Amino acid sequence: MSRGTPRRPLAGIRARFAVAVIATATVVATGVVATPALADGHDYATVSGDNLANPLTVTADDHPDHYATLRREVIWLFNREGDGSEPDPDELGPQYALQLFIAGEEQHRFELYPLAGGGPRVFRPADQPGDSDLDEAWFLARLSLPETLTELGIPLTDAPTNGGVAGEEPVATEEATGPLGFLDEWREGMLLTMALAVAVLAGLASVSLLLRRDR
């Protein structure tokens with residue numbers, strides 16, 4: 126019996142342990158990168174509604190220009206009295222719910238109707254976060270509202286003939302994935318690839334070191 130024989134089982138155990146470490150590191154890396162979450166204390170907005178399979182989140186940190194543009198569409202309506210009566214429901218078109226969060230806390234809620242007949246409309250419900258005592262109100266929105274939503278990747282497809290930006294036909298997108306969605310997916314994919322590569326390289330280095338020590 127050679128001297129190396131008793132060491133082989135230990136080497137096998139170490140090798141299997143290293144492989145398990147690689148697998149565990151891969152799963153952990155995948156979970157961390159593939160399920161990003163918003164941290165508390167951030168300013169962001171969410172948009173949900175027609176033609177959106179999932180709510181769209183726009184953060185002030187990652188997309189400051191888009192966040193500022195979206196907030197600018199409604200900031201002047203925070204405490205203002207309504208400037209119009211409730212329009213005909215059949216002429217409102219697609220509806221989107223906008224929620225604004227400041228320092229991680231919801232502050233404002235609006236309903237957006239970018240393709241409403243006669244021009245874009247915004248509805249401010251009486252049910253607002255916090256201790257707000259505002260009445261519900263309808264507003265004639267800025268003409269830039271459809272363009273703002275389209276640039277976020279929201280497909281405004283079911284457009285009435287008199288909808289759009291300043292009377293023009295809105296720009297329709299084929300998918301809900303716009304510039305923000307594409308960049309987010311690309312970034313997450315790159316981070317995932319890098320995390321997996323680091324985990325695999327670390328595991329291979331561990332296996333190589335263990336095998337050398339057992340020779």
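Numbered per the working numbering, the sequence shown spans residues 126 to 340. Note that CB positions come from ideal geometry on N, CA and C, so glycine has one too. Just so you know, these numbers come straight off a predicted model, no measurement behind them.
From which residue to which residue does the beta strand (DSSP E) around R234 run?
For the purposes of this step, residue 234 is taken as residue 109 along the sequence shown, with counting starting at 1. First-last of the beta strand (DSSP E) with R234: 230-238.
Pick helix, strand or coil for I200, following the three-state DSSP scheme.
As a first step, residue 200 must be located in the sequence shown, where it is residue number 75. Note: I200 maps to helix in three-state DSSP.
Rounded C-alpha distance that separates L335 from L326
The residue labelled residue 335 in the question sits at position 210 within the sequence shown. The residue labelled residue 326 in the question sits at position 201 within the sequence shown. Going by the C-alpha atoms only, they are around 14 Å apart.
Between which two residues does the alpha helix (DSSP H) containing L265 stretch?
Locating residue 265 in the sequence shown gives position 140, counting from the first residue. It is not in any alpha helix (DSSP H) - L265 instead sits in the beta strand (DSSP E) that spans 262-265.
Would you decide whether P245 is buried or exposed? Buried here means 16 or more other CB atoms lie within 10 Å of its CB.
Indexing the sequence shown from 1 puts residue 245 at position 120. Buried, because 16 or more other Cβ atoms sit within 10 Å of the Cβ of P245.
Could you say if the stretch 245-256 and the stretch 169-181 meet the contact criterion of at least three C-beta pairs nearer than 8 Å?
no
Alpha-carbon spacing of L217 relative to W263, whole angstroms
Within the sequence shown, the letter at position 92 stands for residue 217. Within the sequence shown, the letter at position 138 stands for residue 263. Looking at the two C-alpha atoms, the distance is approximately 12 Å.
Using the beta-carbon count (16 or more within 10 Å), is E198 buried or exposed?
Here the question's residue 198 lines up with position 73 in the sequence shown. Result: buried.
Considering Cα atoms alone, identify which of S269, T184, D260 is closest to D208.
If you number the sequence shown from 1, residue 208 lands on position 83. Nearest C-alpha to D208: D260.
For F235 and R196, I'd like the C-alpha separation in whole angstroms.
Within the sequence shown, numbered from 1, the residue matching residue 235 stands at position 110. Within the sequence shown, numbered from 1, the residue matching residue 196 stands at position 71. Roughly 11 Å separates the two Cα atoms.
Could you tell me the distance, in whole angstroms, from the CA atom of L265 to the CA atom of L223?
Counting from 1 along the sequence shown, the entry for residue 265 is found at position 140. Counting from 1 along the sequence shown, the entry for residue 223 is found at position 98. About 16 Å.
Using the three-state DSSP reduction, which class does R249 fall into: helix, strand or coil?
Within the sequence shown, residue 249 is the residue found at index 124, counting from 1. Here R249 sits in strand by DSSP.
When you compare the CB positions of L270 and L181, do they come within less than 8 Å of one another, or not?
By 1-based counting over the sequence shown, the position of residue 270 is 145. By 1-based counting over the sequence shown, the position of residue 181 is 56. Not in contact: L270 and L181 (Cβ atoms no closer than 8 Å).
Comparing alpha-carbon positions, which option in G328, M319, P280 lies nearest A178?
Within the sequence shown, the letter at position 53 stands for residue 178. Considering only alpha carbons, the answer is P280.
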